[in-house]
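Enquirer:
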Amino acid sequence: MNRTIRSTLALVLAASGLAAPALTSAQGTDPTYLRERAVCDSGLQDRSACLREAGAARYEANRGGLTSAAPTTYEQNALARCALQPPADRSACEARMRGTGMTSVEGSVLGGGLIRETVTPIAVPAQVQ
62 MNRTIRSTLA LVLAASGLAA PALTSAQGTD PTYLRERAVC DSGLQDRSAC
112 LREAGAARYE ANRGGLTSAA PTTYEQNALA RCALQPPADR SACEARMRGT
162 GMTSVEGSVL GGGLIRETVT PIAVPAQVQ
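Listed below in structure tokens is the structure:
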């Protein structure tokens, strides 16, 4: 009985030793995974957590679990935030979210967020003399 257990254990260890290089080479051929690993190695964040997230994202992508919502969904979410503004400010908020008029966007998601600014010229009323 002990001999069977030892033989089985030796077989499992040998198989896992052969599978590890195959897994490493498979991970090395995925360009998205390589880019994410490069970001992890850049030192901008905790390396072990970053590598864990990159591996999890690769796994989900292979399963088809990483999908994006339709662009209209993102626009609806942005405009829903504007619905919470006072009525006088709502149209300006919607213009900022849509990027219409003289709107500028600064910042980044990685840096903590985007700042949207819309400049609306207002004519000075004529003075009565």
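Here the working numbering is used: the first residue of the sequence shown is 62, the next is one more, and so on. Ideal Cβ placement from N, Cα and C applies to all residues, glycine included. In this text the structure is predicted, and so the values were computed from the model without any measurement.
Tell me, to the nearest whole angstrom, how far the beta carbon of R177 is from that of V166; I am working on the premise that it is less than 8 Å.
Expert: Their Cβ separation, rounded to whole angstroms, is 5 Å, which keeps R177 and V166 in contact under 8 Å.
Enquirer: Count the other C-beta atoms from every protein chain shown that fall within 10 angstroms of the C-beta of G115, then say buried if there are 16 or more, exposed otherwise.
Expert: Just to set this straight, residue 115 is Ala in the shown sequence, not Gly. Buried is the call here.
Enquirer: Whole angstroms are fine: how far does the CA of E155 sit from the CA of V185?
Expert: Taking the straight line from one Cα to the other gives about 24 Å.
Enquirer: Indicate whether G168 and T179 have their beta-carbon atoms separated by less than 9 Å.
Expert: Not closer than 9 Å, so no.
Enquirer: Look up R183 in the DSSP assignment and give the residues it is bridged to.
Expert: It is Ile, not Arg, that sits at residue 183 in the sequence shown. The partner list for I183 (beta bridge, DSSP) is empty, contrary to what the question assumes.
Enquirer: Have a look at Q88 and A149 and give me their C-alpha separation to the nearest angstrom.
Expert: Confidence at Q88 is low in this model, with a pLDDT of 48, below 50, so its placement is unreliable and no value can be given for it.
Enquirer: Between D91 and G172, what straight-line distance do the alpha-carbon atoms span, to the nearest angstrom?
Expert: Between D91 and G172, the C-alpha separation is close to 27 Å.
Enquirer: Could you tell me which uninterrupted beta strand (DSSP E) segments, each at least 3 residues in length, are contained entirely in the segment 86 to 147, listed from first to last along the chain?
Expert: List check, beta strand (DSSP E) in window: nothing returned.
Enquirer: Y94 and R119 look like a contact to me (Cβ under 8 Å); what is the Cβ gap, rounded to whole Å?
Expert: Contact flag correct, Cβ pair sits at about 5 Å.
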